[in-house]
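K.L.:
Here it is, the structure in full.
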Amino acid sequence: MHIAEGFLPAPHAIGWTVAAAPFVVHGARAVVREVREHPESTLLLGAAGAFTFVLSAIKLPSVTGSSSHPTGTGAGAVLFRPPVMALLGTVVLLFQALLLAHGGLTTLGANAFAFAVVGPWAGYGAYRLARALGAGLLPGVFVALALADLATYVTTSLQLALAFPDASSGFAGAVVKFLGVFALTQVPLALAEGLLGVLLFRVLTTSARPELERLGLLAPEPAEERG
Amino acid sequence: MTRRRLVTALLVLAVLALVTLPLALGGGEAGYAGTDGQATAAIEESGYTPWFESVFSPSSAEVESGLFALQAAIGGGVLGYVLGRLRGRRAAPRDAGRTEDAGP
């Protein structure tokens, strides 16, 4: 999902930067507020950031014969709501743009919008919907992580199609072309990411139960035991 | 607890299957090129030339994969530290009770 450095025309690069900036600033304030009001959250915030740091570094093979990497942004979105991930995700992208020549500074806005804004919100939306429909925490986590992953790549496809519409078939043709590159490859990886999220939250439900209760992910202990 | 362990093992197996089956099915024919690279190739085909270069590029594929490994190591290290602390915190009251009995 990393649009390479210089691969968006300047107006697009500026436009996406302007679009992503308020989310990142709001996210930075959300992180500061969370740490100030709940210092005990710092550990879990670190876990959320570390999770996306690991997953976005690992490129995995997929059924289409190409490889891609998961995003890991859904975990933090479920734990702390999406704004927090707008900052953490952008930090990851900045690291990759500066040290790995992966993504770029001119495309940071567009990549942050896909990876750190749309992904986390899509995942969080899926989580809330799943919980509202009566799903437990773990199924909710699964759909959240898988959808955050997939939504990020769909967004990248749309961004590229917008910048590079096909000569004959226009925007729609370009959407199909870029979705062909990104989306199908991502499906098994998104499922794998969802399962990894379930593994992570299985550990958290036993080890970080007080935090999950305070964050509203789990009902307080006695009610949970009876249910 | 055994049922819990079984579920954990199955989850790990499913994750492994999802990333290794494509390799097995592909039979080594596919190149497994990165999708990011495929997208930039498709864009360059249309005659576009990037207007900005990365401020720093790893000088070889080896250096690049090393830096990616570093990123994963930092993330894995922090994640392991947090999960270890959380687990230790849960086990601490029990251990404290035990060492008090055995203490001088």
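Chains as they are written, first to last, in UniProt numbering: chain A, 1 to 227; chain B, 1 to 104.
By construction, the Cβ of each residue, glycine as well, lies at the ideal position given by its N, Cα and C atoms.
#1: Name the chain B residues that come within less than 7 Å of T106 of chain A, Cβ to Cβ?
#2: Counting contacts by CB-CB distance shorter than 7 Å, is G14 of chain A in contact with chain B?
#3: Verify whether the separation of the beta carbon atoms of T71 of chain A and G27 of chain A is less than 7 Å.
#4: Is any beta-carbon of chain A found at less than 7 Å from that of P22 of chain B?
#5: For a test of the three-state rule: what should DSSP assign to G227 of chain A, helix, strand or coil?
#6: Chain A beta carbons: is any one of them nearer than 7 Å to that of A96 of chain B?
#7: What are the residues that DSSP puts in a beta bridge with P61 of chain A?
#8: Tell whether a beta-carbon distance below 7 Å holds between I14 of chain A and T107 of chain A.
#9: Under the assumption that F113 of chain A contacts A20 of chain A (Cβ atoms under 8 Å), give the Cβ distance between them as a whole number of angstroms.
#10: Of the residues that make up the stretch 56-67 of chain B, which ones have a beta carbon closer than 9 Å to any beta carbon in chain A?
#11: Please compile the residues from chain B whose C-beta is within a distance smaller than 7 Å of the C-beta of residue 230 of chain A.
#12: Buried or exposed for A96 of chain B, please, with buried defined as at least 16 other CB atoms from any protein chain shown within 10 angstroms of its CB.
#13: Would you list, in chain order, the members of the stretch 192-204 of chain A that have their beta-carbon closer than 9 Å to a beta-carbon of chain B?
#14: Against chain A, with Cβ distances strictly below 7 Å, would T40 of chain B count as a contact?
#15: Compile a chain-ordered list of the residues in the stretch 59-70 of chain A whose CB is closer than 9 Å to at least one CB of chain B.
#16: On the CB-based measure, 16 or more other CB atoms within 10 Å of its CB, does A223 of chain A come out buried or exposed?
#17: Can you tell me which of A:G46, A:V24 and A:L217 puts its alpha carbon nearest to the alpha carbon of G136 of chain A?
#18: Is DSSP giving R94 of chain B helix, strand or coil here?
#19: Hey, could you find the ends of the alpha helix (DSSP H) H12 of chain A is sitting in?
#20: Whole angstroms is fine: what's the gap from A77 of chain A's alpha carbon to L133 of chain A's?
#21: Is the stretch 186-199 of chain A touching the stretch 143-152 of chain A in the sense that three or more CB pairs, one from each, lie closer than 8 Å?
#22: So F51 of chain A is in the alpha helix (DSSP H); what residue range does that whole segment cover?
#23: Use the C-beta contact count for V117 of chain A: other C-beta atoms within 10 angstroms, 16 or more gives buried, fewer gives exposed.
#24: Measuring straight from C-alpha to C-alpha, what distance separates L88 of chain A and G49 of chain A?
#25: With 16 as the cutoff for other CB atoms within 10 Å, does E45 of chain B come out buried or exposed?
#26: In three-state DSSP terms, what is G34 of chain B?
#27: If contacts are defined as beta-carbon pairs under 8 Å, then T124 of chain A and M1 of chain A qualify, I think. What distance do you get, rounded to the angstrom?
#28: If the cut is a Cβ gap below 8 Å, which residues of chain A does A72 of chain B touch?
#29: For the stretch 78-93 of chain B against the stretch 197-207 of chain A, are there 3 or more C-beta pairs whose distance is under 8 Å?
#30: Which residue's Cα is closest to the Cα of A174 of chain A: A:Q186, A:V187, A:T156 and A:T185?
#31: Are the C-beta of G6 of chain A and some C-beta of chain B separated by less than 7 Å?
#32: Pop quiz: A39 of chain B and V181 of chain A are said to be a contact at Cβ under 8 Å. What is the actual Cβ separation, rounded to whole angstroms?
#33: Rounded to the nearest angstrom, what separates L199 of chain A and G77 of chain B at their Cα positions?
P.N.:
Working from what's here:
#1: F52
#2: Reading off the sequence, residue 14 of chain A comes out as Ile, not Gly. No - not a single Cβ of chain B is within 7 Å of the one on I14 of chain A.
#3: no
#4: yes
#5: With a pLDDT of 42 at G227 of chain A, under the threshold of 50, the predicted position of this residue should be treated as unreliable, and no value is reported.
#6: no
#7: A:S67
#8: no
#9: 4 Å
#10: F56, S57, P58, E64 and L67
#11: What the structure shows of chain A is the stretch from 1 to 227, and residue 230 of chain A is not part of that stretch, so it cannot be assessed.
#12: exposed
#13: A192, E193, L195, L196, V198, L199, L200, R202, V203 and L204
#14: yes
#15: K59, L60, P61, S62, V63, T64, G65, S66, S67, S68 and H69
#16: Interpretation of A223 of chain A is limited by its pLDDT of 48, a score under 50 that renders its predicted location unreliable; no figure is taken from the coordinates.
#17: A:L217
#18: helix
#19: A10 to E37
#20: 19 Å
#21: yes
#22: T42 to L55
#23: buried
#24: 6 Å
#25: exposed
#26: strand
#27: The sequence given here has Tyr at residue 124 of chain A, not Thr. Not really, about 18 Å apart at Cβ, beyond 8 Å.
#28: F53, V54, A57 and I58
#29: yes
#30: A:T156
#31: yes
#32: 5 Å
#33: 17 Å
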